[in-house]
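From first to last, the protein sequence lines stand for chains A and B. The opening residue of the first sequence carries number 8 in my numbering; numbering runs sequentially from there. The opening residue of the second sequence carries number 54 in my numbering; numbering runs sequentially from there. Idealized CB from N, CA, C, for every residue including glycine.
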Amino acid sequence: MTLIPQLIFALILAFGIGFFVRNVKKLSRNIKLGKEINRTDRPGERWRNMALIALGQQKMVVRPIAGLLHIIVYIGFVIINIEVLEIVIDGLFGTHRVFAFMGGLYDVLIGSFEILAFLVVVSVVIFWIRRNIIRLQRFIKPEMKGWPKNDANIILYFEVVLMFLFLLMNATDLQLQSLGAAHYTEAGAFPVSQYLLPLVDGMSQSALFLVERTAWWLHIVGILIFLNYLYYSKHLHILLAFPNTWFAKLQPKGQLDNLEAVTKEVQLMMDPNADPFAAPAEDEVEGEPGKFGASDVMDLNRVQLLNAYTCTECGRCTSECPANQTGKKLSPRKIMMDTRDRLEEVGKNIDANNGVFKEDGKQLLDDYITREELWACTSCNACVEACPVSIDPLSIIMDMRRYLVMEQSAAPVELNNMMSNIENNGAPWPFNQMDRLNWKDE
Amino acid sequence: MSETLKVPTMAEMMAAGKTPEVLFWVGCSGSFDDRAKKITKAFVRILNKAGVEFAVLGTEESCTGDPAKRAGNEFLFQMQAMTNIEVLNAYEVKKIVTACPHCFNTIKNEYPSLGGSYEVVHHTQFLKSLLDDGRLTIEGGKFKGKRITFHDPCYLGRANDVYEAPRELIKKLDAELVEMKNCRKKGLCCGAGGAQMFKEAEEGKKEVNIERTEQALDTKPDVVAAGCPFCNTMLTDGVKGKEKEGEVEVLDVAELIANAQDL
Chain A
8 MTLIPQLIFA LILAFGIGFF VRNVKKLSRN IKLGKEINRT DRPGERWRNM ALIALGQQKM
68 VVRPIAGLLH IIVYIGFVII NIEVLEIVID GLFGTHRVFA FMGGLYDVLI GSFEILAFLV
128 VVSVVIFWIR RNIIRLQRFI KPEMKGWPKN DANIILYFEV VLMFLFLLMN ATDLQLQSLG
188 AAHYTEAGAF PVSQYLLPLV DGMSQSALFL VERTAWWLHI VGILIFLNYL YYSKHLHILL
248 AFPNTWFAKL QPKGQLDNLE AVTKEVQLMM DPNADPFAAP AEDEVEGEPG KFGASDVMDL
308 NRVQLLNAYT CTECGRCTSE CPANQTGKKL SPRKIMMDTR DRLEEVGKNI DANNGVFKED
368 GKQLLDDYIT REELWACTSC NACVEACPVS IDPLSIIMDM RRYLVMEQSA APVELNNMMS
428 NIENNGAPWP FNQMDRLNWK DE
Chain B
54 MSETLKVPTM AEMMAAGKTP EVLFWVGCSG SFDDRAKKIT KAFVRILNKA GVEFAVLGTE
114 ESCTGDPAKR AGNEFLFQMQ AMTNIEVLNA YEVKKIVTAC PHCFNTIKNE YPSLGGSYEV
174 VHHTQFLKSL LDDGRLTIEG GKFKGKRITF HDPCYLGRAN DVYEAPRELI KKLDAELVEM
234 KNCRKKGLCC GAGGAQMFKE AEEGKKEVNI ERTEQALDTK PDVVAAGCPF CNTMLTDGVK
294 GKEKEGEVEV LDVAELIANA QDL
């Protein structure tokens, strides 16, 4: 009889974690649709970046108000999760407050969880007000309509409800403790939930027990639901910020990669000893010729796809973008959101077709990201600098421009003029290369 | 105007059996754009005065390929890069200075993996090192006490983390260095990067250079200092657009130093 709750608990826990693992596998498969890229050099620097930027929230505090509130919620969630460990042990073994043996230390722990829970609620309320009442510019841009807006609010509601359940659970526990109920040994300090006592005052022991158990169950089930919500939400950043900062580009921001396939061709072109009539070597595998640049998510690299899943749509990139600030359609955040949406679409297509992608007549270019957005970028790196988790929207824009120019010859006409000038006279304007030193005598 | 600038080419240097201490990469803007040519000459006058043994490639120089690369044309970029690298390597160039942050970024960061590794410095860094070595003295002259605001070029600042060299030079002019709302890491683009210089902007409610010029004018400056020929053009246009060209000058850091000493 008494084993039934434990059994149910174990089942819920296994299902919650199992479903999460299933989605993590899907996420990893989707990211691996991207091209391989070597980002494991200089590991020392990578660990350092992860420690400072993801764990240390270094770039969050560039904007002090949002940064401070975020740190409270972040620390709150990390620390309060120690409590989840106790809940899991209690749930599996039918104990109650198994860590209570720690005595004074337990009081300190529970007391600080409560204070943090309270601060989290306050911060989340302020976040909600910033989003829905003050309506900060970056939260109401066109790409934030519909699901992205709801997603953001759902996360905030989730957090408030979880914290409230935690405090309610403690308040009833405290009341049961003071009534001397069986199992409810006196343990823990309750600096916040003691103020909730009026809510449960006068309740019978059995009613209190019911409320306490309900809060306890809803709290842990809520956490498992939240864990599984992540995959469908922008909130994945709480996990992916860590690998994302680790794999981020270490070179100077201004450095774009040089396409190796192009290097080979150009070298061959410039090699005076190359035989222009040479047939391909016999052992050369005739494959489909590679594509230059990116028109769909499979053409991007794995770090770019990880970037897309990591983006939590805070919009700092877009609010720093000179093109966006002056009313152009480009929004670096939308580039990341579109990339993820398309990647999800491709992933679902693969799921529906027994593991093979079935051509759907769509692609990232045009169906999600328009050319107008791509050509509005000044490559100034403001978005890259602004991202608190080291996402690089610029690299996707550049890869898509490469596709437009090298596969489609679809550059704006003025840029084509500029490029033919460079090709013909070594300068972006129609000046003669032989006149390059004329300034000296003018 | 006939002034005597000493501008030896690498070819002349080599013929005379000499090796310059640095190659001055003039860039397309510095070679052809009327406004930017003034920056080139100002920088050369300072080099001449400081007795720096430099050389230029002259007609052997060609576009680094930056605008082509940023427009998406990797082929054209690499063709330009490899041609330039062949020339630079043939002259055994070790150190390059340039007044264009786009050339600076491209040669410094994108040439090495194509076979061209050099020590590359921006002209403000080079001037700062001349100052530190005692080869150059900076006087305030007509800029003494003037309010000067510095616009961070994206390809010098965020792209390569060079923020202080130009500012330290400006401070040496005994001028009052004032910062814009967006500066250093948060500097706002002038609107010309990523090949935008060569095309009309997409539809929007404002031009980027106007937005930036407004930030600059908000500091009530006498001079808007730039360190990039493209930024210079964009800000000059912006100041004209705001009809402030009578009150506010847009000058390169090299011009500030040269003009202060009537070079």
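Residues near residue i in its chain [Cβ-Cβ closer than 6 Å; skip 5 each side]
i                      : result
residue 247 of chain B : 123
residue 206 of chain B : 154, 280, 281 and 284
residue 412 of chain A : 418
residue 146 of chain A : 138
residue 162 of chain B : none
residue 202 of chain A : none
residue 302 of chain B : 276
Reduced DSSP category for residue i - H, G, I as helix; E, B as strand; rest coil
i                      : result
residue 78 of chain B  : strand
residue 133 of chain A : helix
residue 167 of chain A : helix
residue 383 of chain A : coil
residue 148 of chain B : strand
residue 200 of chain B : strand
residue 42 of chain A  : strand
residue 377 of chain A : coil
residue 107 of chain B : strand
residue 190 of chain A : coil
residue 279 of chain B : strand
residue 177 of chain A : helix
residue 103 of chain A : coil
residue 221 of chain A : helix
residue 62 of chain B  : strand
residue 10 of chain A  : helix
residue 345 of chain A : helix
residue 302 of chain B : strand
residue 444 of chain A : coil
residue 172 of chain B : strand
residue 265 of chain A : coil
Rounded distance between the beta-carbons of residue j and residue i, thought under 8 Å
i                      : j                      : result
residue 33 of chain A  : residue 309 of chain A : That belief does not hold up - the Cβ atoms of residue 33 of chain A and residue 309 of chain A are roughly 15 Å apart, past 8 Å.
residue 93 of chain B  : residue 115 of chain B : Contact flag wrong, Cβ pair sits at about 16 Å.
residue 89 of chain A  : residue 116 of chain A : 7 Å
residue 218 of chain A : residue 179 of chain A : 5 Å
residue 241 of chain B : residue 265 of chain B : 5 Å
residue 169 of chain A : residue 222 of chain A : About 11 Å separates the two Cβ atoms, so there is no contact after all.
residue 383 of chain A : residue 337 of chain A : 4 Å
residue 123 of chain A : residue 78 of chain A  : Their Cβ separation, rounded to whole angstroms, is 11 Å, which puts residue 123 of chain A and residue 78 of chain A out of contact at 8 Å.
Spatial neighbours of residue i in its chain, beta-carbon cut-off 8 Å, leaving aside the 5 residues before and after
i                      : result
residue 329 of chain A : 385, 387 and 389
residue 54 of chain A  : 253
Same chain, Cβ closer than 7 Å to residue i, five either side skipped, listed in chain order
i                      : result
residue 394 of chain A : 323 and 324
residue 259 of chain B : none
residue 318 of chain B : Residue 318 of chain B lies beyond the stretch modelled for chain B, which goes from 54 to 316, so this question has no answer here.
residue 133 of chain A : 76
residue 297 of chain B : 270
residue 331 of chain A : 325, 337 and 338
Cβ-heavy atom distance, residue i to the ligand GTP, below 6 Å
i                     : result
residue 41 of chain A : With respect to small molecules bound, the structure shown includes none, and the ligand GTP cannot be examined in it.
Residues that residue i contacts on chain B, provided the C-beta gap is smaller than 7 Å
i                      : result
residue 334 of chain A : 257, 258 and 259
residue 269 of chain A : 127, 128 and 131
residue 408 of chain A : 124 and 125
Under 8 Å by beta carbon: chain B residues contacting residue i
i                      : result
residue 413 of chain A : 125, 126, 127 and 128
residue 434 of chain A : 81, 84, 85, 115 and 116
residue 258 of chain A : 162
residue 117 of chain A : Result: empty, since nearest Cβ-Cβ is about 42 Å, beyond 8 Å.
residue 418 of chain A : 124, 125 and 126
Chain A contact residues for residue i, given Cβ-Cβ distances below 9 Å
i                      : result
residue 147 of chain B : What residue 147 of chain B touches in chain A: nothing, since even the nearest Cβ is about 20 Å away.
residue 214 of chain B : 259 and 260
Proximal chain A residues relative to residue i, where beta-carbon distance stays under 7 Å
i                      : result
residue 93 of chain B  : 446
residue 207 of chain B : 387 and 388
Where residue i meets chain A, residues with beta-carbon distance less than 8 Å
i                      : result
residue 251 of chain B : 421, 422, 424, 425 and 435
Quiz prompt | the region 158-166 of chain A in contact with the region 228-243 of chain A per 3-pair CB rule at 8 Å | solution = yes
Quiz item: So, do the region 110-118 of chain B and the region 428-446 of chain A have three or more beta carbon pairs nearer to each other than 8 Å?
Solution: yes
Exercise. Say whether the region 207-222 of chain B touches the region 161-176 of chain B, bearing in mind that this needs 3 or more beta-carbon pairs closer than 8 Å, one atom from each stretch.
Key: Verdict: yes, contact present.
Practice problem: Examine the Cβ distances between the region 163-171 of chain B and the region 266-277 of chain B and report whether three or more of them are shorter than 8 Å. | Solution: Contact between the region 163-171 of chain B and the region 266-277 of chain B is absent, because fewer than three Cβ pairs lie under 8 Å.
Quiz prompt | the region 84-103 of chain B touching the region 429-440 of chain A, judged by at least three CB pairs closer than 8 Å | solution = For the pair of segments examined, the region 84-103 of chain B was found to touch the region 429-440 of chain A: the number of CB pairs separated by less than 8 Å reaches three.
Practice problem: Evaluate contact between the region 225-238 of chain B and the region 189-201 of chain B, counting only Cβ atoms and requiring at least three cross-stretch pairs below 8 Å. | Solution: yes
Quiz item: Do the region 52-64 of chain A and the region 99-114 of chain A touch if we need at least three Cβ pairs shorter than 8 Å?
Solution: no
Self-check item: Given 8 Å, three or more beta-carbon pairs between the region 271-285 of chain A and the region 118-133 of chain B
Solution: yes
Self-check item: Meets three-Cβ-pair contact criterion under 8 Å: the region 395-409 of chain A and the region 255-264 of chain A
Solution: yes
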